[in-house]
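The structure appears right after this line, and notes come after that.
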Amino acid sequence: MRYAFYLLLLAAVTGTFVSCNQGDTDEQQFKTATVSHNHLEAQPDDTMKYEVEKTEEEWREILTSKEYRILRKRGTELPYLNEYYDNKKEGVYYCGACGKPLFTSETKFESGTGWPSFWQSISSSSVGKKKDEGLFTTRTEVVCSRCGSHLGHVFEDGPDPTGLRYCLNSAALDFKEHNLEDIDPDTLSILEK
Ligand SMILES: [Zn+2]
């Protein structure tokens, strides 16, 4: 009798653990992320002209569905569950859509947000900034200056010397290891794809 009681107790405890875990799945977090993504989609169409322009169909062909959702539909990936937030290797981060070099490991810092964060782009003309008016806050969106793809947002709570925090999506970036001493900051020529 006592044995049966312990069995029941064990089943109840195990059941509790399973349901707790289920309540905290990626799927649920993903739904939250999708909500903010949808409200971003309601923004007016981008009328800027870029050096690299493709139809939505063409972008879909060259990007994975995740890359497309983030780069072209201004989505946001989950914190910590992304490729580069903790990447400490020396190298260059390129636009995941057109291959333009955008950031280096030299200006990457640990922001504690779970997204790759930088205090400066590789050159002043690498990225563009756009006003992103949301329901409750107005943020500054960061886009690739060559193809206009969405990379993330920039905030004014970063470290010295700029005080900026570029908070980016890993899926919007491609990282390649480079010895940064070999790169000429004026031309960036060896980096261009
Ligand atoms: Zn680009």
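Residue numbers (the numbering used here): 1 to 193.
Virtual Cβ for every residue (Gly too), placed ideally from N, Cα, C.
Quantities reported herein were computed from a predicted structural model and do not represent experimental measurements.
**Q.** Which listed residue (Leu102, Cys147, Gly163, Asn179) has its alpha carbon closest to that of Ser170
**A.** Leu102
Q) In terms of DSSP beta bridges, what is Pro101 paired with? A) Tyr94
**Q.** Of the listed residues Gly96, Thr76, Met48, Glu51, nearest to Thr64 (C-alpha basis)
**A.** Gly96
Q. Taking the alpha-carbon positions, what's the Asn87 to Leu135 distance?
A. 33 Å
Q) Over what stretch of residues does the beta strand (DSSP E) that includes Arg165 continue unbroken? A) 165 to 168
Q. Helix, strand or coil for Asp24 per DSSP?
A. Unreliable positioning characterises Asp24 in this predicted model, as indicated by a pLDDT of 33, which lies under 50. The coordinate reading is nonetheless provided below. If DSSP states are grouped into helix, strand and coil, Asp24 belongs with coil.
Q. Excluding sequence positions up to five away, which residues of its chain have a Cβ less than 8 Å from the Cβ of Lys176?
A. Gly91, Val92, Tyr94
Q. Whose beta carbon lies closer than 6 Å to any heavy atom of ligand 1, going through the chain in order?
A. Cys95, Ala97, Cys98, Lys100, Cys144, Arg146, Cys147, Ser149
Q: Assess, as a yes-or-no matter, whether the region 109 to 125 is touched by the region 73 to 87 under the definition of 3 or more beta carbon pairs within less than 8 Å.
A: yes
**Q.** Between the CA atoms of Lys130 and Arg74 - distance to the nearest angstrom
**A.** 12 Å
Q. What are the partner residues of Val127, as DSSP defines its beta bridges?
A. Cys144
Q: Apply the 10 Å Cβ neighbour rule to Thr138 and answer buried if 16 or more other Cβ atoms are within range, or exposed otherwise.
A: exposed
Q: Take Arg146 and list the residues in its own chain whose beta-carbon comes closer than 8 Å to its own, dropping the five residues that flank it on each side.
A: Tyr50, Glu51, Val52, Cys95, Cys98, Lys100
Q) Would you say Gln153 and Ile70 are within 8 Å of each other, going by their C-beta atoms? A) Here the sequence assigns His to residue 153, which means Gln is not the residue at that position. Cβ distance not < 8 Å, so His153 and Ile70 don't count as in contact.
Q: Quick one: give me the first and last residue of the alpha helix (DSSP H) that Glu177 is part of.
A: First-last for Glu177: 173 to 177, but that is the beta strand (DSSP E), not the alpha helix (DSSP H).
Q) Helix, strand or coil for Lys89 per DSSP? A) coil
Q | Nearest-angstrom beta carbon gap, Thr104 and Ile122 [assumed within contact, 8 Å] | A | 6 Å
Q) Buried or exposed: Asp174, going by 16 or more other Cβ atoms within 10 Å of its Cβ? A) buried
**Q.** Distance between Gln120 and Glu181 (C-alpha atoms, nearest Å)
**A.** 17 Å
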